[in-house]
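Residue numbers (our numbering), protein chains in the order written: chain A, 1 to 374; chain B, 1001 to 1073.
By construction, the Cβ of each residue, glycine as well, lies at the ideal position given by its N, Cα and C atoms.
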Amino acid sequence: MRFVDEFCDPKLAKGLIEAINGLVDREMVLMEVCGTHTVSIFKHGIRNLLAPFIKLVSGPGCPVCVTAAQDIDKAVWFSRQRDVILATFGDMIRVPGTTASLEKQRAKGRDIRVVYSVLDALDIARSNPTKRVVFLGIGFETTAPGIALSIHLAKEQGLENFFVYSCHKLIPPAMKALLESGEVRIDGFICPGHVSTIIGARPYKFIAEQYHIPCVITGFEPVDILQAILMLVKAREKARVEIQYSRAVKPEGNVVAQQILAEIFEPIDAAWRGIGVIPDSGLKIRQKYSRFDASMAFEMPQDVNRVEADLSGCICGKILRGMATPPDCLLFGKACTIEEPIGACMVSSEGTCAAYYKYMLVTNDKRVDKRGRV
Amino acid sequence: MCLGIPVKIMKISDSLADVETGGVVRQASLALVEDVRVGDFVILHAGFAIQKVDEQEAMETLRLLKGIGICGL
Ligand code: SF4
């Protein structure tokens, strides 16, 4: 595939690995924030290639994984209302809430549809005028502009039966929260490529300036990731924000997308699964468009908002903060597998637990040790 | 979830395009990108083109990387 194959070239990868290994003489902990990077790193065995000095840890960059259980509970509640069709993206329907998942609701006969694009949800609303379509909007800055545009279109077209329940999250505030917590050592950030396609480089500047940690906005092929690691190693002494993924990321980002985002949404404090509430890390639909805001248009009883303790033993929260790896979880590969997931990090195809499980071929009787060796 | 793939624009009608990758053609909204033409590559994410792929930049990155392969740094 064009713009993919060239960045998978083993010869280029080899040169980069040699360059990294030749430069690095002490341990560096690098966090890849984005779930798509996690999957690529596992798929191409990058962790093992760079041992022992480069240690890669995964962060909170899988939108499915960080969606709070209470938000799933609310989605479940919407799906139970009369004449409602609930639409969302694929992995979401398997994610557990505190008591149920959307998949279980669907099995009970609720009308829950998986769509590829929010525009499909608009079509569903158009062709079902007697129903109310609630779109469960999840995703980071990459996904939110499309959802914003759908709200704009719904207004323009006078669609009265289309609603969005916005669970969107913003990445830089989460990175800030991680750094502020001081729970995990990070010597460099592999910043998300497609989030940055939208937001550009500026939102990461505070990380280099205030925390003196280098950031490299990175593409998703193996050569991209290795080049970014080399850039991070080189930037050790003088932290800055750089763009490795320059074929898809402009320093200023995608201005059209930023405008539509700002028109429809405003930042709000948001709850992240396993992490808690992070200031200004979510997106709320602005007053002007509140007609399309499912949380305003429906009267939800208070008890849907209750938070229940998670008794399952799942440690997704620690994993999302880079404080633990899946093998630290007693359930990993035993009670919790891709086939029968317990926590969101195993449900999502981009979750860290799923990546460990899939690419390390862990079976019920084989465990990987903390260094990731089977 | 933030998965995006480079696709080639085959046909444009208003703000919708037919895009192709690996022989599969699908529809994408062009509402979030400016100045794209048939033949351009864009990053497709959840039904939307989110950025034009900059061919020059891609070539430049590869040129630089080939240099690393040769001299090790
Ligand atoms: S292995 Fe399963 S239960 Fe354990 S942290 Fe991961 S998702 Fe949660």
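Asked                                                                                                                           : Found
Assigned exposure category for G393 (chain A) - 16 Cβ within 10 Å defines buried                                                : Since the first and last residues shown for chain A are 1 and 374, residue 393 (chain A) lies out of range.
Contact with chain B by M175 (chain A), beta-carbon distance below 8 Å                                                          : no
Spatially closest choice to E266 (chain A) from A:V118, A:K284, A:P60, by CA coordinates                                        : A:K284
9 Å Cβ cut-off: residues of chain B touching V256 (chain A)                                                                     : A1031, L1032, V1033, E1034
Contact test: P96 (chain A) Cβ vs the ligand SF4 heavy atom, cutoff 7 Å                                                         : no
Spatial neighbours of V1053 (chain B) in its chain, beta-carbon cut-off 7 Å, leaving aside the 5 residues before and after      : P1006, F1041, V1042, I1043
P214 (chain A) CB to nearest heavy atom of the ligand SF4 below 7 Å                                                             : no
Neighbouring residues, chain B, relative to Q227 (chain A) (Cβ below 7 Å)                                                       : L1065
is_contact[D1074 (chain B), chain A] using C-beta, thresh 8 Å                                                                   : The structure shown does not extend to residue 1074 (chain B), since chain B spans only 1001 to 1073, so no value can be given for it.
Rounded straight-line distance, which links the Cα of I112 (chain A) to that of Q210 (chain A)                                  : 45 Å
Proximity test, M92 (chain A) beta-carbon vs the ligand SF4 heavy atom, cut-off 7 Å                                             : no
DSSP state of T38 (chain A) mapped onto helix, strand, coil                                                                     : helix
Cβ-heavy atom distance, M346 (chain A) to the ligand SF4, below 7 Å                                                             : yes
Residues of its chain near I264 (chain A), where Cβ-Cβ distance is below 7 Å and the 5 sequence neighbours each way are ignored : A148, I151, H152, I285, R286, Y289
Rounded straight-line distance, which links the Cα of S1013 (chain B) to that of A277 (chain A)                                 : According to the sequence provided, residue 277 (chain A) is Val. The question's Ala does not apply to it. Each residue's alpha carbon lies about 43 Å from the other.
Per-residue burial, H168 (chain A) [other beta carbons within 10 Å of its own, 16 or more giving buried]                        : buried
When A:V216, A:E6, A:L122 are compared against V241 (chain A), the one with the closest alpha-carbon                            : A:V216
F292 (chain A) versus A:A228, A:L159, A:K55, A:S246, residue with shortest Cα-Cα distance                                       : A:L159
Start-to-end residues for the alpha helix (DSSP H) that takes in T197 (chain A)                                                 : 193 to 199
Cβ-heavy atom distance, L331 (chain A) to the ligand SF4, below 7 Å                                                             : yes
Those residues which DSSP pairs with F163 (chain A) across a bridge                                                             : A:V134
DSSP state of H212 (chain A) mapped onto helix, strand, coil                                                                    : coil
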